[in-house]
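K.L.:
Chains as they are written, first to last, in the numbering used here: chain A, 63 to 207; chain B, 63 to 207.
Just so it is clear, CB atoms sit at the ideal spot from N, CA and C, and this is done for glycine as well.
2 protein chains.
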Amino acid sequence: MALPSKLDQQLCFELYKASSNFTKLYARTLEPFNLTFPQYLVLLVLWEEDHLLTKDIGNRLGLGIGTLNPIISRMIAQGRLIKRQSDEDKRAYVLSLTQKAQEEKEAIEQAIYDKVINCNFIDMSAITLMKNLKQLNLAFSDMDL
Amino acid sequence: MALPSKLDQQLCFELYKASSNFTKLYARTLEPFNLTFPQYLVLLVLWEEDHLLTKDIGNRLGLGIGTLNPIISRMIAQGRLIKRQSDEDKRAYVLSLTQKAQEEKEAIEQAIYDKVINCNFIDMSAITLMKNLKQLNLAFSDMDL
DNA sequence: AACATTTATATCGTGTACGATATAAATACT
DNA sequence: AGTATTTATATCGTACACGATATAAATGTT
């Protein structure tokens, strides 16, 4: 019987490396803002829709509370987020952007544009790549992983 | 001027999620063997070529010593690896598979085959995906990231 | 209303992952 | 040979990332 194909081994590995490379690239770009990549993802979510519950952010990023909570705590300490107990549900907490976090949006997006988008390789075949990745993640979401 | 494109934001995010999903899938498959995904990657490397130096494994996996060393230490404690000081270069250490690690290769490959390869989504468009990912990682390697 | 279950968050333990610093051995240079 | 630089590994500090457990509030059941 066929053993794990080379293909599969390479796929998981290429994905692992690509994600790591991308994270490193973003990390360097975000360092001047004293931001990590996961923290930036939280900002992306809240820039799109502010005043979300912890679980909402977790759902959108696919992160559990054990990962998200420390990230949020640090972002509160940084003065980027504010946490308020929800009125409707006293178990839940509403996360909101501070003025600082709202104002730095443009500068951060510009930095990403300069350093990341200008890496021409993004254009390569990003459409196909994205399509495949989305299909992949869709398949995972149907797997109750 | 165009802000960071939606495309880019989605690309980095889809990659992040896909890698995380894959790692989780592998983690579950490898758990019965008391193996983590990065530890499995070290085994993959050494199954292909045994008796490598720490730096060789690091190069092939794209991992620094700060990440790799704790992984190797745990694998030694697990009885999977043996570490011997190199004769040619007394700074370097040769990592070798124990008999246990050699013998469990088949069983682990079978487990991966059953749980991962049988996820039909692998077939989808893995060829295209792989090609794009390799291109991406090649571009990164030219960036002294 | 009393109780059981579910849900939202919190905390803990283990294991990456990276950058910075430290150390000893090897190599290059004068 | 003696010194400077590079190289291979080790250790540390910070920050994810996940699963397990804990707690309190909300919901469902009888």
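Can you list the residues of chain A that residue 72 of chain B reaches, using a CB-CB cut of under 7 Å?
P.N.:
Stepping through the second sequence from its first residue, residue 72 of chain B is reached at position 10. Neighbours of residue 72 of chain B on chain A, chain order: 192.
K.L.:
For residue 177 of chain A, which residues from the same chain have a beta carbon less than 7 Å from its beta carbon, with the 5 sequence-adjacent residues on both sides left out?
P.N.:
Residue mapping note: residue 177 of chain A aligns to position 115 of the first sequence, counting from 1. Counting only Cβ-Cβ distances below 7 Å, and skipping sequence neighbours, we find 91.
K.L.:
Would residue 190 of chain A pass as a contact of residue 190 of chain B if the rule is Cβ separation under 9 Å?
P.N.:
Numbered from its first residue, the first sequence carries residue 190 of chain A at position 128. Numbered from its first residue, the second sequence carries residue 190 of chain B at position 128. Going by C-beta atoms, residue 190 of chain A is nearer than 9 Å to residue 190 of chain B.
K.L.:
What does residue 124 of chain A reach in chain B if we use C-beta pairs closer than 9 Å?
P.N.:
Along the first sequence, one-based indexing puts residue 124 of chain A at 62. Here the neighbours are 78, 79, 82 and 83.
K.L.:
Enumerate in chain order the residues of its own chain whose CB-to-CB distance from residue 87 of chain B is below 7 Å, with the five nearest sequence positions on each side excluded.
P.N.:
Here the question's residue 87 of chain B lines up with position 25 in the second sequence. 178, listed in sequence order.
K.L.:
For residue 147 of chain A, which residues does DSSP report across the bridge?
P.N.:
What you label residue 147 of chain A is simply residue 85 of the first sequence in a count that begins at 1. Note: residue 147 of chain A sits in a beta bridge opposite A:155.
K.L.:
Answer yes or no: does any C-beta atom of chain A fall closer than 9 Å to that of residue 195 of chain B?
P.N.:
Here residue 195 of chain B is taken as the residue at index 133 of the second sequence, counted from 1. At least one chain A Cβ lies under 9 Å of residue 195 of chain B.
K.L.:
What does the alpha-carbon distance come out to for the pair residue 132 of chain A and residue 175 of chain B?
P.N.:
In the first sequence, counting from the first residue as 1, residue 132 of chain A sits at position 70. In the second sequence, counting from the first residue as 1, residue 175 of chain B sits at position 113. Cα to Cα, the separation comes out at about 36 Å.
K.L.:
Mapping the DSSP letters down to three states, classify residue 114 of chain A as helix, strand or coil.
P.N.:
On the first sequence, position 52 is the one that residue 114 of chain A refers to. In this structure, residue 114 of chain A counts as strand in the three-state DSSP scheme.
K.L.:
According to DSSP, is residue 180 of chain A helix, strand or coil?
P.N.:
Here residue 180 of chain A corresponds to residue number 118 of the first sequence, with the count starting at 1. Note: residue 180 of chain A maps to coil in three-state DSSP.
K.L.:
Quick check: what's the CA-CA separation for residue 195 of chain A versus residue 80 of chain B?
P.N.:
Position 133 of the first sequence holds residue 195 of chain A. Position 18 of the second sequence holds residue 80 of chain B. Distance between the alpha carbons of residue 195 of chain A and residue 80 of chain B is about 7 Å.
K.L.:
So that I know if they touch, is there some Cβ in chain B lying closer than 9 Å to that of residue 148 of chain A?
P.N.:
By one-based count along the first sequence, residue 148 of chain A stands at place 86. So no, residue 148 of chain A is outside the interface.
K.L.:
Could you spell out the range, first to last residue, of the alpha helix (DSSP H) harbouring residue 125 of chain A?
P.N.:
The residue labelled residue 125 of chain A in the question sits at position 63 within the first sequence. No alpha helix (DSSP H) contains residue 125 of chain A, which DSSP labels as neither H nor E.
K.L.:
Using DSSP with H/G/I as helix, E/B as strand and the rest coil, what is residue 142 of chain A?
P.N.:
As a working note, residue 142 of chain A is residue 80 in the first sequence. Coil at residue 142 of chain A, not helix or strand.
K.L.:
Comparing alpha-carbon positions, which option in B:122, B:71 and B:204 lies nearest residue 110 of chain B?
P.N.:
Position 48 of the second sequence, counted from the first residue, corresponds to residue 110 of chain B. Taking only the C-alpha atoms, the option nearest residue 110 of chain B is B:122.
K.L.:
Touching or not, the segment 134-149 of chain B and the segment 161-175 of chain B, by the rule of three or more beta carbon pairs under 8 Å?
P.N.:
Segments in contact, yes.
K.L.:
Determine whether the Cβ of residue 88 of chain B lies closer than 9 Å to any Cβ atom of chain A.
P.N.:
Numbered from 1 along the second sequence, position 26 holds the residue referred to as residue 88 of chain B. Cβ-Cβ to chain A under 9 Å: yes for residue 88 of chain B.
K.L.:
Looking only at C-alpha atoms, which of B:73, B:157 and B:171 sits nearest to residue 117 of chain B?
P.N.:
Within the second sequence, residue 117 of chain B is the residue found at index 55, counting from 1. The shortest Cα separation from residue 117 of chain B among B:73, B:157 and B:171 belongs to B:157.
K.L.:
Looking at chain A, which residues of the segment 164-177 of chain B have a Cβ within less than 7 Å of any of its Cβ atoms?
P.N.:
Against chain A - using a Cβ distance shorter than 7 Å - the residues of the segment 164-177 of chain B are 171, 174 and 175.
K.L.:
Is residue 82 of chain B closer than 9 Å to residue 197 of chain A when the C-beta atoms are compared?
P.N.:
Taking the first sequence and counting its residues from 1, one reaches residue 197 of chain A at position 135. Taking the second sequence and counting its residues from 1, one reaches residue 82 of chain B at position 20. In this structure, residue 82 of chain B does not lie closer than 9 Å to residue 197 of chain A by Cβ.
K.L.:
Thinking just about the alpha-carbon of each residue, which of B:74, B:148, B:173 and B:103 is nearest to the one in residue 129 of chain B?
P.N.:
Locating residue 129 of chain B in the second sequence gives position 67, where the first residue counts as 1. It is B:103.
K.L.:
Find the nearest neighbour of residue 99 of chain B within the set B:134, B:68 and B:127, judged by alpha-carbon distance.
P.N.:
By 1-based counting over the second sequence, the position of residue 99 of chain B is 37. Of B:134, B:68 and B:127, the residue nearest in Cα terms is B:134.
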